[in-house]
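Numbering (this note's numbering), first residue to last: 101 to 621.
Each residue gets a CB set at the ideal place from its N, CA and C atoms; glycine is no exception.
For reference, the structure is listed below as structure tokens.
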């Protein structure tokens with residue numbers, strides 16, 4: 101189970117916009133059930149409730165064989181994992197932007213994961229079954245986060261490979277043919293102890309990561325001209341041990357100082373286990389920000405991610421930081437956003453970036469349109485990449501110095517079912533509490549009254565109710581139900597659609613080297 105949940109985590113990205121005039125979404129109790137299953141096609145039809153039916157396909161987010169590296173106080177343990185072991189219960193519904201883990205055994209069907217941008221599903225903490233014997237689950241909301249407008253770091257010193265690969269045709273020669281350039285960047289995900297501590301079992305963390313990455317890759321499916329899938333090649337976990345690259349504040353111990361990106365980039369460049377990675381992303385449970393050295397006051401806490409613009413393939417520039425509130429998938433969009441920066445995509449509305457070779461900028465795509473690469477996000481954000489983002493990515497991959505991006509690693513092939521996705525989700529109320537730990541959460545509402553257009557589950561928003569008749573709004577996570585009259589529809593990339601049947605992610609089989617005898621839980 102832990103491996104499956106880590107797969108789920110790798111599928112989602114992170115934004116941090118808080119809207120104080122929003123409303124709360126009511127906690128929804130559901131009893132998921134499998135309607136039909138085609139084992140040969142790896143497809144499942146699952147009813148979440150009367151208004152939401154998911155058409156699920158197996159998902160894959162890890163490379164066929166990847167490494168799981170765990171740092172403890174006394175040792176570093178490396179596990180060699182077969183992706184099929186982690187991904188075998190991972191499913192997705194592309195149309196509904198859902199990615200879930202499914203477990204079906206003698207205890208009943210368990211579903212956990214993402215239903216759209218801000219909705220999550222998980223088994224209820226109270227053991228309950230309906231008349232048909234189906235296990236009770238909770239659907240809850242998580243808030244939308246955003247990396248912030250200053251998350252892209254510029255570095256004139258590039259250390260990318262200079263070997264020349266096969267030529268890439270200009271975009272103008274391909275746009276009319278319908279051909280899409282296929283790119284599969286290999287990503288090494290590093291998880292800090294602030295994030296890891298929220299998962300008692302390693303298998304639960306792996307299952308969360310699998311769904312997370314499946315959700316991230318759903319975002320890249322909206323890209324024109326480029327067929328891109330992030331492939332997780334390695335996962336490194338810092339467990340009960342200080343990370344040597346994190347810059348902390350003595351006055352604010354929960355803040356990860358922005359200078360950590362520089363330290364992390366150096367650590368990646370000097371450490372052998374990162375040598376062959378295209379991208380390296382630190383997934384943190386801390387709050388990225390800064391502290392004034394004179395007043396010791398914190399600032400810049402709205403930042404949810406940092407990355408080196410155009411840093412992919414560079415020995416010293418491949419690193420990125422991404423915030424994620426554990427178990428909420430709040431970091432999915434941020435993960436997609438920051439990896440976009442690493443792959444040479446500047447913010448929408450930006451002029452050509454002189455630090456990135458042949459970059460054409462994104463002046464034709466105003467930031468106000470609120471696509472994924474906008475420098476700011478909110479309830480009106482669109483979970484898709486703009487034309488300008490696709491154009492920049494195409495040009496970046498075509499640069500001969502980015503040879504590392506033009507190899508052909510095996511893509512994730514394990515399908516993700518709605519059942520599996522739902523198992524990683526928490527209830528809307530729990531989501532509100534996790535996302536806003538400093539607020540008194542009174543509950544959530546299905547639709548915010550008095551606002552036009554109405555914001556709520558139908559528009560893929562989670563509305564948390566707080567004291568003084570106030571609300572905070574978050575975008576619903578992938579996989580959350582969004583239509584009371586059509587149970588097939590869930591939130592996918594912030595659209596209310598049917599759950600995709602072709603989501604893939606990492607698998608679960610693992611092999612432990614003989615020199616490593618520590619058992620997996």
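Among the options, which has the Cα closest to the Cα of residue i?
i, options, result
"residue 598", "567, 518, 337", "518"
"residue 561", "508, 540, 604, 483", "483"
"residue 411", "490, 572, 361, 188", "361"
"residue 595", "343, 569, 538, 576", "576"
"residue 346", "390, 309, 516, 170", "390"
"residue 323", "601, 593, 600, 172", "593"
"residue 282", "523, 536, 497, 559", "497"
"residue 406", "287, 439, 530", "439"
"residue 457", "556, 195, 481, 446", "446"
"residue 418", "408, 547, 485", "408"
"residue 543", "558, 559, 568", "568"
"residue 212", "128, 473, 195, 238", "238"
"residue 131", "587, 602, 600, 402", "587"
"residue 343", "490, 176, 216", "176"
"residue 203", "172, 300, 304, 151", "304"
"residue 290", "351, 326, 385", "385"
Beta carbon of residue i, beta carbon of residue j: below 8 angstroms?
i, j, result
"residue 159", "residue 331", "no"
"residue 168", "residue 368", "no"
"residue 236", "residue 214", "no"
"residue 574", "residue 370", "no"
"residue 545", "residue 563", "yes"
"residue 337", "residue 495", "no"
"residue 554", "residue 429", "no"
"residue 463", "residue 451", "yes"
"residue 185", "residue 156", "no"
"residue 232", "residue 377", "no"
"residue 189", "residue 201", "yes"
"residue 521", "residue 461", "no"
Between the C-alpha atoms of residue i and residue j, what's the straight-line distance to the nearest angstrom?
i, j, result
"residue 197", "residue 395", "44 angstroms"
"residue 583", "residue 210", "22 angstroms"
"residue 528", "residue 220", "7 angstroms"
"residue 364", "residue 373", "14 angstroms"
"residue 449", "residue 382", "27 angstroms"
"residue 272", "residue 321", "Confidence at residue 272 is low in this model, with a pLDDT of 43, below 50, so its placement is unreliable and the value that follows should be read with caution. Distance between the alpha carbons of residue 272 and residue 321: 21 angstroms."
"residue 566", "residue 537", "12 angstroms"
"residue 302", "residue 466", "42 angstroms"
"residue 604", "residue 205", "22 angstroms"
"residue 148", "residue 516", "15 angstroms"
"residue 218", "residue 535", "11 angstroms"
"residue 426", "residue 387", "12 angstroms"
"residue 508", "residue 444", "20 angstroms"
My output table needs one value for residue i: the three-state DSSP class, helix, strand or coil.
i, result
"residue 160", "coil"
"residue 532", "helix"
"residue 394", "coil"
"residue 166", "strand"
"residue 228", "coil"
"residue 374", "helix"
"residue 500", "helix"
"residue 399", "strand"
"residue 342", "coil"
Is the closest heavy atom of the ligand MN to the C-beta of residue i under 7 angstroms?
i, result
"residue 357", "As far as ligands go, the structure on display features none, and thus does not contain the ligand MN."
3-residue-minimum beta strand (DSSP E) runs that sit fully inside the segment 547 to 609, ordered along the chain: 561 to 566, 570 to 575, 589 to 592, 595 to 598
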